[in-house]
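Take the sequence shown: its letters are residues 1 to 230, numbered as in UniProt numbering. Worksheet: the structure to be examined is printed underneath.
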Amino acid sequence: MATTSTHIFFHGGPLSNWHPSTPRFPGHRALSLCLPDLDALGIPHPAPNAAVSRLISSWSFSCGEQWMMAMKGWLFEEIPGLDSGVDISEDEFEAVRAVAVGDSEPSPECPRERAIWDSTVASVLRTTQPRVQKALGRAAEGFREDVWEYASEVIVTAGCVARAEVDSALKEVYLANGGRRFVEGSVRDRVWGVGLRWDSVEIQDEANWKGRNRLGRCHDEAARVVRLDG
């Protein structure tokens, strides 16, 4: 991490979406933060009481990447047994959850249980490896870039706020940022980063940036929220 009077440049560390959350952050808090903003943008999403939403709410997330990629599945996939608009009883939900995040892979002869197990949401929740989570999220069925363009920043920002509320390392960075802008210095990422090394001279001049810095913008907004909440 490198700090100037106006920016905080980072790659890795507590500002990384792959950084472990210590402790894990609660899905119910992150979901409650992002739902109003998705509604404000007019982005359709599963009902809060749908099984897939309850699965997200019941989970404690290991890192921002797990949250982001599980939410990609939540937003786009239609999965029998995790229906986006159907309310089910607590007993029925617990049975669904046991299939989704259980240790036993369902038989192909049980198509409903198999669909739940194979879903992006369930697959992402079952792994703590960010690289695997990213690959699983990229394979989400029904994905639409035009929707994700707007939904992703809302979702990632909510995850950052929820993580900062329990992870003191991230919260300390937010509280100490002094209004500086966060910039992800990743050479390979021109969507979430700026396509330049975090410690390069070039990155200090915004005119040189080659990427959109989505993750930096998410941290900007998350830090603002955390500072307001004290």
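For each residue, glycine too, the CB sits at the ideal point set by N, CA and C.
When DSSP labels each residue in this structure, what does D39 get in the three-state scheme?
-> In the sequence shown, counting from the first residue as 1, residue 39 sits at position 39. Helix.
CB of N213 within 9 Å of CB of V183, strictly | Position 213 of the sequence shown, counted from the start, is the residue given in the question as residue 213. Position 183 of the sequence shown, counted from the start, is the residue given in the question as residue 183. Yes, these two residues count as a Cβ contact at 9 Å.
With distances taken between CB atoms, is the gap from V101 to W59 smaller than 9 Å?
-> The residue given as residue 101 occupies position 101 in the sequence shown. The residue given as residue 59 occupies position 59 in the sequence shown. Taking 9 Å as the Cβ cut-off, V101 and W59 qualify as a contacting pair.
Could you check which residue in E145, R217, V226 has the C-alpha nearest to that of F76?
-> Walking along the sequence shown from the start, residue 76 turns up at place 76. Looking at the Cα atoms, E145 is the closest of the given residues.
Bridge partners of residue 238, per DSSP?
-> Shown here, the chain extends from 1 to 230; a query on residue 238 therefore has no answer.
What distance in whole Å lies between the Cβ atoms of S62 and R24, which are believed to be in contact at a cut-off of 8 Å?
-> Reading the sequence shown from its first residue, position 24 is the one you call residue 24. Reading the sequence shown from its first residue, position 62 is the one you call residue 62. Going by Cβ atoms, the distance from R24 to S62 rounds to 6 Å, so yes, they are a contact pair.
Can you tell me which of the three DSSP states A151 falls into?
-> Position 151 of the sequence shown, counting from 1, holds the residue named residue 151. Here A151 sits in helix by DSSP.
Have a look at A164 and A115 and give me their C-alpha separation to the nearest angstrom.
-> If you number the sequence shown from 1, residue 164 lands on position 164. If you number the sequence shown from 1, residue 115 lands on position 115. Computed Cα separation, rounded: 33 Å.
Which listed residue (S168, V187, L228) has its alpha carbon closest to that of P20 = Here residue 20 is taken as the residue at index 20 of the sequence shown, counted from 1. Residue S168 is the option with its Cα nearest to P20.
Where V121 and G179 are concerned, what is the direct C-alpha to C-alpha distance, given to the nearest angstrom?
-> Residue numbering aside, residue 121 sits at position 121 when the sequence shown is read from its first letter. Residue numbering aside, residue 179 sits at position 179 when the sequence shown is read from its first letter. Their backbone Cα atoms lie some 35 Å apart in a straight line.
Could you pull out every residue in the same chain whose Cβ sits closer than 7 Å to the Cβ of L136, ignoring the five residues on either side in sequence?
-> Along the sequence shown, read from residue 1 onward, the residue named residue 136 stands at position 136. The beta carbon of L136 lies closer than 7 Å to those of M69, T120, S123, V124 in the same chain, with the five residues before and after it left out.
Is it the case that the Cβ atoms of P46 and W74 are separated by a distance below 9 Å?
-> To locate residue 46, count along the sequence shown from 1; it is residue 46. To locate residue 74, count along the sequence shown from 1; it is residue 74. Cβ distance < 9 Å, so P46 and W74 count as in contact.
Per-residue DSSP class, three states only, for H7 = Residue mapping note: residue 7 aligns to position 7 of the sequence shown, counting from 1. Reduced to three states, the DSSP call for H7 is strand.
Would you call D91 buried or exposed, if buried means 16 or more other Cβ atoms sit within 10 Å of its Cβ?
-> Locating residue 91 in the sequence shown gives position 91, where the first residue counts as 1. Exposed, since its Cβ has fewer than 16 Cβ neighbours within 10 Å.
Three-state secondary structure (DSSP) at T157?
-> On the sequence shown, position 157 is the one that residue 157 refers to. The three-state reading of DSSP puts T157 in helix, counting H, G and I together.
Exposure label - residue 235; buried when at least 16 CB within 10 Å | The structure shown does not extend to residue 235, since the chain spans only 1 to 230, so no value can be given for it.
Taking three-plus beta-carbon pairs below 8 Å as touching, is the stretch 95–112 in contact with the stretch 181–201?
-> no
Contact belief for G64 with N17 at Cβ below 8 Å, rounded distance in angstroms | On the sequence shown, position 64 is the one that residue 64 refers to. On the sequence shown, position 17 is the one that residue 17 refers to. That pair is a contact at about 4 Å.
Same chain, Cβ closer than 7 Å to P26, neighbours up to 5 away in sequence not counted = Working through the sequence shown from its first residue, we reach residue 26 at position 26. Answer for P26: S60, A162, listed in chain order.
Closest to W148 by CA distance: which of K210, K72, Y174 is it?
-> On the sequence shown, position 148 is the one that residue 148 refers to. Measuring from the Cα of W148, the nearest candidate turns out to be K72.
Nearest neighbour of V96, chosen from E206, V191, L55, V132 [CA to CA] = Indexing the sequence shown from 1 puts residue 96 at position 96. Among E206, V191, L55, V132, the Cα nearest to that of V96 is on L55.
Hey, does N49 have any beta-carbon neighbour from chain B nearer than 9 Å?
-> Absent from the structure: chain B. Only one protein chain is present.
What are the boundary residues of the alpha helix (DSSP H) that P20 is part of?
-> As a position in the sequence shown, residue 20 is number 20, starting the count at 1. First-last for P20: 20–26, but that is the beta strand (DSSP E), not the alpha helix (DSSP H).
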